[in-house]
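Q: Residue numbers (the numbering used here), protein chains in the order written: chain X, 37 to 643; chain C, 134 to 348.
Note that CB positions come from ideal geometry on N, CA and C, so glycine has one too.
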C-alpha cells in the first residue's frame, strides 16, 4: 500500500471513530452514573438515523440532524423516567434484560414506522463532494466528522469538569449514596445523563446517515461496536472512550482497506481481548467498586429428592407417550421445547451457581448447529457422527471465550461474551463460501431412520433428558459446589485451595458443550440453519428463560424454557410485531417482579 | 421541642436486626454524644436516621416526619451527615467536593462558604486543587465535615470524628466541634473515645445491643 493510500485509510479510520465515540461516550456516561449498561443504546443510534432520513426531505439535512438528536434525547429521558428509574435497586441482570426488551420494541417500532427496506439518506449540503488529499479523493463530509469528534470530546470534558452539574455527575458516579446524603437529587441527574447519552447516540446516528443507509440491523451492530470501545477504553471514562474509538476506528478502517472486511469484528475482538488481559479495566478505566448490598447470599439450590425424581420420571413417561397422542405440529414444538430446555439449563449451569452471566450463550448453540450442518454437507459425515462431533466445535468456542471471560466479572463479562457471540455471528453471516452467509445452510436433514417427526422427537427426548440430568447432577457434585464457592467467596475459595478461574473455565466449557449438543439437535430438527441461530437476540432468549424460571432454582430454567418457547410460538402466530410483544412481556415482568418471578414466588410463599 | 426526635426506631441489614426501639432527642444548639461499644449500633443509628438504610419508627426533624423521605430530601431539610469512613469523592478536588455539598443558606443562620470552612479547617485551604485520593485520613475527615457544613445544616450527624486520627488532629477536631457548637449547629456525635466528646457534649446516650439508654 502506498503512502497516500495509507494516509487515506488513516483518515477513514478517524472519520469512523467519530460515530463510535459518540455512541460509546453516551453508553459510558450512563453506565458511570447509573451502573446500568444500556443495551438499547444502539437502538437510540438507529433511531437517530431513521429520524434524520425521515425528516431530511422536509427540513433539510442539518435541521434533520439537530431534530433527530433532540428527539432521541427526549426519548432517552422518557425511557429513564418510565422504565429505568424503577430498576436502580434491581439486580444488574434484570436491568440489562429491561434495556434489551427496549431493543426489541424500538426495532419493531422502526419496522412499523419505516418498513423493512434500508433507507438511503441525503448527502450533507456543501459537503457532498470530495477533496484531494495527497492526490486521492476523500469525501469532504468525512473531514467534517474528523473535526467533530475532538470538538464533542472537548465540549463533554468541559461540561463534566467545569460545571456544577458535571461535578455532581462525577460525584454520583463515584458514590451515589453519599451524594444523596449531601442533598443531591439523583433523579434529575440520572434523567439528565440519560438524555445526554441519548442525545450523543442520536446525533451519532444522524451524522452517520450520509455514510451508510439506515437499516434495522444497525442497532446491534452499533451496540456491539460500542461495547468493544467502552470495554477497551474503560467503563465510565469519556477520555477512555475517545482513545478506544480512535484505536478501534483505525483497526476497522485498515481491515477494510486491506480487503479483509470479513474479519473486522474478529480483529476488534482480539484488540479487546488483549487489552482486557493486560488491563482488565480498560485503557483508562478504574476497577469498579463492588456494588453495595448487591451480593445477597442465596440459599443452596434444591436437590432432586426421591419425590421429585419420581415426578420427573412420571413426566418422562408422559413425554414418551406424546407421539401417540399429538399431531406433527405438536411434536415439532415439543422437540423445540426440549432443545431449548437443554440450552437454558446449560446457561443456568454457568450463570446461576457459576455466577458468570454470559450474554452470548447462543454462540455455542450456533457453533453446535453450524458444526453439525457443515459436517453433514461439507464433510459428508453421517448424521450420527455429525451429532456427536458438532458439540466439539462449541466446546472449542466456549474454551476460547471462557479463557478470557473467567478473568472478568459483571458487566465486563457480559460485554465480552456478547462481543464474542457477535463475532461468531458475523463470521457465519459473512463467510459466504462456507457458511452460506445470510441465507445459511439448507438440506440439513437427518438419516432416514430419524426422518419421521416422532423418531426425531424420541432422539431429542433422550439426548436432552440425559443432558439436563447430567448438568443437574453435576451441580450437586463437587464441581457444582466449587463453582458456587467461587461465586460467593472467591477469596476464601482460593484460600482453601480451589483454583477458581480453572473451575469456572471448566464450567464455562461444559455449559458451551451442552449448548452445542442442543444446537446440533436443533439443526437437524429444522433442516436448515441461519445466522439467526447464534444472534444476540437468541442469547437473550436464553437469559429470559433462565430468569423467568428463576436463576436461584435448580429446575426453574427448564420450566422457563417451556413457558418461553410456547409463548413465542403463540405470539409469532397471532401477533404481527411479536418481537415488540415479547419485549413488552419481558418489560412488564421485570417491572412488576423486580426480583424475578421465582424470587417473587419465594417471597410470597415463604411468609 | 427537640430539633430531632427519634421514637421506636428499628433497623437492620437484610434479615439481621441491629436496632430495637431506639429513642433519642437532639435539641437546638445541643451537642449530644452517642457512645457504645464496637458493633453496638452507633453508625447504624445515624444511617437509619439519614434514610440510608431501611428502617421503621417515628422520626421527626423540626416539624417534618422523616419516615417517607429519601436521603437527599432529609439532607435538604438541614440534617447533615458525616460518615465514619469519610467517603470523600476521590476523583474530585477539595474545592469540587465542597461544591457537591453546597446548598442555599438558611434564614437566621450564618451561611457557610469556602472561606468559612477553610477558617475552621486551616489545612484544607492550602490544598484546594488536590484530588481527594491524594489526601491523608485526617485531611479527608476534615473535608468530610467541611463538605457537610457547606450544605448549611441545622444539625449534623457526626460519625466517629476522632477514629484513627493522630492525637494532634484529634485536638483540631475537638476544636472544630467546639466551634460548631458556638455557631449554633446541633450535633449528634457517635464516639467510641468517650473522653473526646465528653467535654463538649451536653448530654450522652449509651447504646448497647441496639437499644439506647441515657448515660
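Under 8 Å, Cβ to Cβ, is there at least one residue of chain C near residue 524 of chain X?
A: Numbered from its first residue, the first chain carries residue 524 of chain X at position 488. No - not a single Cβ of chain C is within 8 Å of the one on residue 524 of chain X.
Q: Of all the residues that make up the segment 189-220 of chain X, which are near chain C by a beta-carbon distance shorter than 7 Å?
A: Listed in sequence order: 200, 203, 204, 206, 207, 210, 211, 213, 214, 215, 216, 217, 218, 219, 220.
Q: Would you report the Cα separation of residue 256 of chain X and residue 572 of chain X, rounded to the nearest angstrom?
A: As a first step, residue 256 of chain X is located in the first chain; it is residue number 220 there, counting from the start. As a first step, residue 572 of chain X is located in the first chain; it is residue number 536 there, counting from the start. Going from the Cα of residue 256 of chain X to the Cα of residue 572 of chain X covers about 8 Å.
Q: Which runs of the beta strand (DSSP E), 3 residues or longer, sit entirely within the segment 181-205 of chain C?
A: Counting whole runs of 3 or more residues, the segment 181-205 of chain C contains the beta strand (DSSP E) stretches 188-194.
Q: Report back the beta-carbon spacing between residue 290 of chain C and residue 212 of chain C to the nearest angstrom; my notes put them in contact at under 8 Å.
A: On the second chain, residue 290 of chain C is found 157 positions in, with the first residue counted as 1. On the second chain, residue 212 of chain C is found 79 positions in, with the first residue counted as 1. About 7 Å separates the two Cβ atoms, so the contact holds.
Q: Helix, strand or coil: how does DSSP classify residue 225 of chain X here?
A: As a first step, residue 225 of chain X must be located in the first chain, where it is residue number 189. Three-state DSSP puts residue 225 of chain X in a helix.
Q: Could you please give the first and the last residue of the uninterrupted beta strand (DSSP E) stretch that includes residue 443 of chain X?
A: Taking the first chain and counting its residues from 1, one reaches residue 443 of chain X at position 407. Residue 443 of chain X -> no beta strand (DSSP E), and no H or E assigned at all.
Q: Starting from the beta carbon of residue 222 of chain X, find every residue of chain C whose beta carbon is closer than 8 Å, and list them in chain order.
A: Looking up residue 222 of chain X in the first chain gives position 186. Correct list: 205.
Q: Helix, strand or coil for residue 214 of chain C, going by three-state DSSP, please let me know.
A: In the second chain, counting from the first residue as 1, residue 214 of chain C sits at position 81. Three-state result, residue 214 of chain C: strand.
Q: Would you list, in sequence order, the uninterrupted alpha helix (DSSP H) runs of no fewer than 4 residues that lie entirely inside the segment 448-512 of chain X?
A: Entirely contained in the segment 448-512 of chain X, the alpha helix (DSSP H) runs reaching 4 residues are, in chain order, 468-471, 489-511.
Q: Since residue 145 of chain C sits in a beta bridge, which residues does DSSP pair it with?
A: Position 12 of the second chain, counted from the start, is the residue given in the question as residue 145 of chain C. DSSP lists C:150 as partners of residue 145 of chain C.
Q: Quick one, which of X:529, X:84, X:355 has its alpha-carbon nearest residue 109 of chain X's?
A: Reading the first chain from its first residue, position 73 is the one you call residue 109 of chain X. For residue 109 of chain X, the nearest C-alpha among the options comes from X:84.
Q: Output yes if chain X places a C-beta closer than 8 Å to the C-beta of residue 338 of chain C; else output no.
A: Numbered from 1 along the second chain, position 205 holds the residue referred to as residue 338 of chain C. No, because no Cβ of chain X sits closer than 8 Å to the Cβ of residue 338 of chain C.
Q: Using the rule of at least 16 other Cβ atoms within 10 Å of the residue's Cβ for burial, across every protein chain shown, is residue 49 of chain X buried or exposed?
A: For this step, residue 49 of chain X is matched to residue 13 along the first chain. Counting Cβ neighbours within 10 Å, residue 49 of chain X comes out buried, since at least 16 surround it.
Q: Classify residue 167 of chain C as helix, strand or coil using the three-state DSSP reduction.
A: Counting from 1 along the second chain, the entry for residue 167 of chain C is found at position 34. Residue 167 of chain C falls in the strand class under three-state DSSP.
Q: Classify residue 261 of chain C as buried or exposed, calling it buried when 16 or more other Cβ atoms lie within 10 Å of its own Cβ.
A: Reading the second chain from its first residue, position 128 is the one you call residue 261 of chain C. Exposed, since its Cβ has fewer than 16 Cβ neighbours within 10 Å.
Q: At a cut of 8 Å, does the segment 519-534 of chain X reach the segment 399-410 of chain X through at least three beta carbon pairs?
A: Contact fails: fewer than three Cβ-Cβ distances are below 8 Å.
Q: Please tell me whether residue 200 of chain C has its Cβ less than 8 Å away from any Cβ of chain X.
A: For the purposes of this step, residue 200 of chain C is taken as residue 67 along the second chain, with counting starting at 1. With 8 Å as the cut-off, residue 200 of chain C does not count as an interface residue toward chain X.
Q: Between which residues of its own chain and residue 328 of chain X is the CB-CB distance below 8 Å, once the five residues before and five after are set aside?
A: Residue mapping note: residue 328 of chain X aligns to position 292 of the first chain, counting from 1. Low local confidence applies: a pLDDT of 37 at residue 328 of chain X is under 50, so the model's placement there is unreliable, with the coordinate-based value given in what follows. Cβ neighbours of residue 328 of chain X beyond the five flanking positions: 213.
Q: Would you kindly report the start and end of the unbroken alpha helix (DSSP H) that includes residue 577 of chain X?
A: Counting from one through the first chain, the residue named residue 577 of chain X turns up at place 541. It spans 572-585 - the alpha helix (DSSP H) in which residue 577 of chain X sits, taken as one unbroken run.
Q: Which value, in whole angstroms, describes the spacing of the CA atoms of residue 337 of chain X and residue 543 of chain X?
A: Numbered from its first residue, the first chain carries residue 337 of chain X at position 301. Numbered from its first residue, the first chain carries residue 543 of chain X at position 507. Taking the straight line joining both Cα atoms gives about 17 Å.
Q: Which runs of the alpha helix (DSSP H) spanning at least 4 residues fall entirely within the segment 179-213 of chain X, listed in chain order?
A: If we require 4 residues or more, the alpha helix (DSSP H) runs fully inside the segment 179-213 of chain X come out as 200-210.
Q: Using C-beta distances below 7 Å, list every residue in its chain close to residue 285 of chain X, excluding the 5 sequence neighbours before and after it, in chain order.
A: Mapped onto the first chain, residue 285 of chain X falls at position 249. Hits under 7 Å: 49, 50, 52, 53, 56.
Q: Just reading off the beta strand (DSSP E) that residue 321 of chain C is part of, what are its end residues?
A: By one-based count along the second chain, residue 321 of chain C stands at place 188. Unbroken beta strand (DSSP E) run through residue 321 of chain C: 319-324.
Q: Please confirm whether residue 247 of chain C has its beta-carbon closer than 8 Å to some beta-carbon of chain X.
A: Along the second chain, read from residue 1 onward, the residue named residue 247 of chain C stands at position 114. No - not a single Cβ of chain X is within 8 Å of the one on residue 247 of chain C.
Q: Hey, could you find the ends of the alpha helix (DSSP H) residue 35 of chain X is sitting in?
A: There is simply no residue 35 of chain X to check, as chain X begins at 37 and stops at 643 in what is shown.
Q: Would you tell me roughly how many angstroms separate the C-alpha atoms of residue 239 of chain C and residue 195 of chain C, rounded to the nearest one?
A: Translated into the one-based positions of the second chain, residue 239 of chain C becomes position 106. Translated into the one-based positions of the second chain, residue 195 of chain C becomes position 62. Their Cα atoms are separated by approximately 14 Å.
Q: Please state the DSSP three-state secondary structure of residue 564 of chain X.
A: Position 528 of the first chain, counting from 1, holds the residue named residue 564 of chain X. Correct three-state label for residue 564 of chain X: strand.
Q: Alpha carbon to alpha carbon, what distance is there between residue 166 of chain C and residue 210 of chain X?
A: For the purposes of this step, residue 210 of chain X is taken as residue 174 along the first chain, with counting starting at 1. For the purposes of this step, residue 166 of chain C is taken as residue 33 along the second chain, with counting starting at 1. Taking the straight line joining both Cα atoms gives about 31 Å.
Q: Between the alpha carbons of residue 313 of chain X and residue 330 of chain C, how many angstroms are there, rounded?
A: Numbered from its first residue, the first chain carries residue 313 of chain X at position 277. Numbered from its first residue, the second chain carries residue 330 of chain C at position 197. Going from the Cα of residue 313 of chain X to the Cα of residue 330 of chain C covers about 51 Å.
Q: Check whether the Cβ of residue 331 of chain X lies closer than 8 Å to any Cβ atom in chain C.
A: Looking up residue 331 of chain X in the first chain gives position 295. Legend: pLDDT at residue 331 of chain X = 48, less than 50; position of this residue unreliable, no value from coordinates given.
Q: Hey, out of X:141, X:457, X:411, X:469, whose CA is closest to residue 548 of chain X's CA?
A: Taking the first residue of the first chain as 1, we reach residue 548 of chain X at position 512. Ranking the options by Cα distance to residue 548 of chain X, first place goes to X:457.
Q: What do you reckon, are the CB atoms on residue 382 of chain X and residue 554 of chain X nearer than 8 Å?
A: Reading the first chain from its first residue, position 346 is the one you call residue 382 of chain X. Reading the first chain from its first residue, position 518 is the one you call residue 554 of chain X. Taking 8 Å as the Cβ cut-off, residue 382 of chain X and residue 554 of chain X qualify as a contacting pair.
Q: Do you know how far the Cα of residue 61 of chain X is from the Cα of residue 204 of chain X?
A: The residue you call residue 204 of chain X lines up with position 168 of the first chain. The residue you call residue 61 of chain X lines up with position 25 of the first chain. Cα to Cα, the separation comes out at about 18 Å.
Q: DSSP state of residue 179 of chain C, grouped into three classes?
A: The residue labelled residue 179 of chain C in the question sits at position 46 within the second chain. If DSSP states are grouped into helix, strand and coil, residue 179 of chain C belongs with the helices.
Q: Quick one: grab the DSSP three-state call for residue 339 of chain X.
A: As a position in the first chain, residue 339 of chain X is number 303, starting the count at 1. Looking at residue 339 of chain X - three-state DSSP - the assignment turns out to be coil, as it is neither helix nor strand.
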